[in-house]
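Visitor:
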Amino acid sequence: MVNPRFPRSTISTLTLSIAFCIVLALSFLVTHSDSSHHTDANGGVAHGFESTRRHILALKKDPLNPRLDQIRKQADDHRSLALVYASYARKLKLESSKLVRVFAELSRNFMDLMSKPQYRPLFGNDVSHIDESVLRQLEKEVKERIKTTRQVIGDAKESFDNQLKIQKLKDTIFSVNEQLTKAKKQGAFSSLIAAKSISKGLHCLSMRLMEERIAHPEKYSEEGKPTPPEVQDPNLYHYALFSDNVLAASVVVNSAMKNAKEPHKHVFHVVTDKMNLGAMQVMFKLKDYSGAHIEVKAVEDYKFLNSSYVPVLKQLESANLQRFYFENKLENATKDTTNMKFRNPKYLSILNHLRFYLPEMYPKLHKILFLDDDIVVQKDLTGLWKIDMDGKVNGAVETCFGSFHRYAQYMNFSHPLIKEKFSPKACAWAYGMNFFDLDAWRRTKCTEEYHYWQNLNENRTLWKLGTLPPGLITYYSTTKPLHKSWHVLGLGYNPSIGMDEIKNAAVVHFNGNMKPWLDIAMSQFKPLWTKYVDYELDFVRACNFDF
Numbered sequence: 001m002v003n004p005r006f007p008r009s010t011i012s013t014l015t016l017s018i019a020f021c022i023v024l025a026l027s028f029l030v031t032h033s034d035s036s037h038h039t040d041a042n043g044g045v046a047h048g049f050e051s052t053r054r055h056i057l058a059l060k061k062d063p064l065n066p067r068l069d070q071i072r073k074q075a076d077d078h079r080s081l082a083l084v085y086a087s088y089a090r091k092l093k094l095e096s097s098k099l100v101r102v103f104a105e106l107s108r109n110f111m112d113l114m115s116k117p118q119y120r121p122l123f124g125n126d127v128s129h130i131d132e133s134v135l136r137q138l139e140k141e142v143k144e145r146i147k148t149t150r151q152v153i154g155d156a157k158e159s160f161d162n163q164l165k166i167q168k169l170k171d172t173i174f175s176v177n178e179q180l181t182k183a184k185k186q187g188a189f190s191s192l193i194a195a196k197s198i199s200k201g202l203h204c205l206s207m208r209l210m211e212e213r214i215a216h217p218e219k220y221s222e223e224g225k226p227t228p229p230e231v232q233d234p235n236l237y238h239y240a241l242f243s244d245n246v247l248a249a250s251v252v253v254n255s256a257m258k259n260a261k262e263p264h265k266h267v268f269h270v271v272t273d274k275m276n277l278g279a280m281q282v283m284f285k286l287k288d289y290s291g292a293h294i295e296v297k298a299v300e301d302y303k304f305l306n307s308s309y310v311p312v313l314k315q316l317e318s319a320n321l322q323r324f325y326f327e328n329k330l331e332n333a334t335k336d337t338t339n340m341k342f343r344n345p346k347y348l349s350i351l352n353h354l355r356f357y358l359p360e361m362y363p364k365l366h367k368i369l370f371l372d373d374d375i376v377v378q379k380d381l382t383g384l385w386k387i388d389m390d391g392k393v394n395g396a397v398e399t400c401f402g403s404f405h406r407y408a409q410y411m412n413f414s415h416p417l418i419k420e421k422f423s424p425k426a427c428a429w430a431y432g433m434n435f436f437d438l439d440a441w442r443r444t445k446c447t448e449e450y451h452y453w454q455n456l457n458e459n460r461t462l463w464k465l466g467t468l469p470p471g472l473i474t475y476y477s478t479t480k481p482l483h484k485s486w487h488v489l490g491l492g493y494n495p496s497i498g499m500d501e502i503k504n505a506a507v508v509h510f511n512g513n514m515k516p517w518l519d520i521a522m523s524q525f526k527p528l529w530t531k532y533v534d535y536e537l538d539f540v541r542a543c544n545f546d547f
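Under UniProt numbering, think of the first position of the sequence shown as 1, with each following residue one higher.
1) What number of angstroms, rounded off, separates the C-alpha of residue 385 from the C-alpha of residue 198?
2) Write down the C-beta distance between residue 477 and residue 504 rounded to the nearest angstrom, noting that I regard them as a contact closer than 8 angstroms.
3) Does the distance from the C-beta atom of residue 298 to that of residue 316 stay below 8 angstroms?
4) Straight-line CA distance for residue 491 to residue 195?
5) So does the segment 439 to 449 actually touch the segment 368 to 385, counting three or more Cβ pairs closer than 8 angstroms?
6) So is residue 528 buried or exposed if we call it buried at 16+ other beta carbons inside 10 Å?
7) What residue from 285, 279, 291 and 352 has the CA that sits closest to residue 313's CA?
8) Are three or more beta carbon pairs between the segment 426 to 444 and the segment 392 to 411 nearer than 8 angstroms?
9) Alpha carbon to alpha carbon, what distance is there between residue 233 and residue 532?
10) Classify residue 212 as buried or exposed, calling it buried when 16 or more other Cβ atoms lie within 10 Å of its own Cβ.
11) Using the Cβ count rule (16 or more neighbours within 10 Å means buried), how would you classify residue 546?
12) Give me the Cα-Cα distance between residue 169 and residue 87, rounded to the nearest whole angstrom.
13) Please return the same chain residues whose Cβ sits closer than 6 angstroms to the Cβ of residue 78, not counting the five positions on each side in sequence.
14) Relative to the alpha-carbon of residue 469, which residue among 155, 215 and 408 has its alpha-carbon at the smallest distance?
15) Mind checking which residues open and close the beta strand (DSSP E) that includes residue 230?
16) Out of curiosity, what's the CA-to-CA distance linking residue 525 and residue 507?
17) Do the CB positions of residue 269 and residue 228 come within less than 8 angstroms of each other?
18) Using three-state DSSP, classify residue 485 as helix, strand or coil.
19) Are the CB atoms of residue 205 and residue 488 nearer to each other than 8 angstroms?
20) Between which two residues does the beta strand (DSSP E) containing residue 237 stretch?
21) Going by C-alpha to C-alpha distance, which of 369, 193 and 113 sits closest to residue 236?
22) Give the secondary structure of residue 114 by DSSP, where H, G and I count as helix, E and B as strand, and everything else as coil.
23) Please name the residue or residues paired with residue 406 in a DSSP beta bridge.
24) Alpha carbon to alpha carbon, how far is residue 141 from residue 157?
25) Taking residue 262 as the reference, which of 496, 357 and 290 has the closest Cα?
26) In angstroms with no decimal places, state the Cα-to-Cα distance between residue 201 and residue 244.
27) Taking only three categories from DSSP, how would you classify residue 609?
28) Looking at residue 428 and residue 442, is the spacing between their C-beta atoms short of 8 angstroms?
29) Closer than 8 angstroms is the cut-off here; do at least three beta carbon pairs connect the segment 99 to 109 with the segment 169 to 178?
30) Taking Cβ positions, are residue 577 and residue 534 nearer each other than 8 angstroms?
31) Among the candidates 399, 90 and 421, whose CA atom is the shortest distance from the CA of residue 433?
32) Using the Cα positions of residue 453 and residue 473, report the straight-line distance between them to the nearest angstrom.
33) DSSP state of residue 478, grouped into three classes?
34) Nearest-angstrom Cα distance between residue 184 and residue 303?
35) Where does residue 149 sit, in a helix, a strand or coil, going by DSSP?
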């Protein structure tokens, strides 16, 4: 009968404890009995207790396991660290450096250490007992490799930091260079737009002059009037000026006549387009220009200049060329920064190519001086007519120095025709002020030569567009070099030209984008041009030019 003072659960626990003690006592007695045959009583008892202790501990996990796990974790961590540094070294482009190989070798050393035959039993799945001496040896070798790894990392850290700085610097330079290229491209395009645009003042002047021409046609019309004999007199000094800029053309004539010794012996042949003809006629009728003779005509007045005769006009009818120049696509403006300026349609304008037809335009003349509209005359130019041309056609100032401004820079010498006919080292010369012997021109048939090469270059494979390359070709062996003081160039792009050189020049040339009538003109050179502007004219004052 169960005692009511004790619960059933307590009785069950007590029963199990008694049973465990009996089993333990029997085990001790059996062990003691068996060992008594070999040892004395005291030794037998001690051995029995030791066996029992080990038996009980064997039931638990080996206490060396945590230590082994720690050693293995340290080895794995440092092996991974060596791999990370090796990868970082490759990223910093140190493939050729010994650091990559050293870190890779350190990583392999940790792997090889764990794979040694004497250490394999430590990492088995069924390990119940760990040999402490083997574990101690493993720990020693792992620590040696860890020490080596940390030493190498410490030595390499400074090298990595420097290489990282170099790589960052390279990345920064690359990024800045990309931005610079983009800025240059945008700057070149903006400069081109500024240079080729018509300012408000110039537009105002043309409109006011044209208004005057329409209001008083009888004062300015040349229709029905006989040609003055001076216009065709070969004994006078003749100039050819082709422009659609009214103010610029007037400055050229004004500067030339103010510095001429005998202005009444000078004749200017001004040719413009039909749209600006009326304004030009008024401009050159408003004053007498010191008695100089001025003929104003439109290019359309020369009937022989048509597409059946002039290659440039024929090429303008080509669909490919029209697409190249006039198709409204952004990439046409910016994708080729080197040739961007040659995409300007003015390079195929017949007004720009009239210089190749001077003998036919002025059949009764023997010599003529060609002037661009962006020049200023500072001295009397009649000395040019006294130069012995030695049978040459074109008198011009050469621009080459060293390897610059040679034929190789203007023509495609990979083309067999160019390579065969011309020397890439031949010295180039400048347009802007050119003295032409028209009789020598007719003898050497320079216009026919120009037509031949211009027709060949319809697809733009021989040279970039413009008038200088075909001029260099046409007058290749017929150019007479003039002294540099006759013609100083670069006032439209080169701020380093010395004032002494400018002062001694007969003609200064604002070639480049920074034309003197634009806001982007260089301030140190602008007064050379503005002092010849006719501010006393009402039409000029009315347009508020801010020079």
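Glycine included, each C-beta is placed from N, C-alpha and C at the ideal position.
Guide: Taking the geometry as given:
1) 35 angstroms
2) Between residue 504 and residue 477 the Cβ distance is about 30 angstroms, and since that is not below 8 angstroms, they are no contact.
3) no
4) 14 angstroms
5) no
6) buried
7) 352
8) yes
9) 27 angstroms
10) buried
11) exposed
12) 20 angstroms
13) 146 and 149
14) 408
15) No beta strand (DSSP E) holds residue 230; DSSP gives it neither H nor E.
16) 13 angstroms
17) no
18) helix
19) no
20) 237 to 242
21) 369
22) helix
23) 427
24) 24 angstroms
25) 290
26) 15 angstroms
27) This structure leaves residue 609 out entirely; the chain is present only between 1 and 547.
28) no
29) no
30) Nothing about residue 577 can be read from this structure; the chain reaches only from 1 to 547.
31) 399
32) 8 angstroms
33) coil
34) 44 angstroms
35) helix
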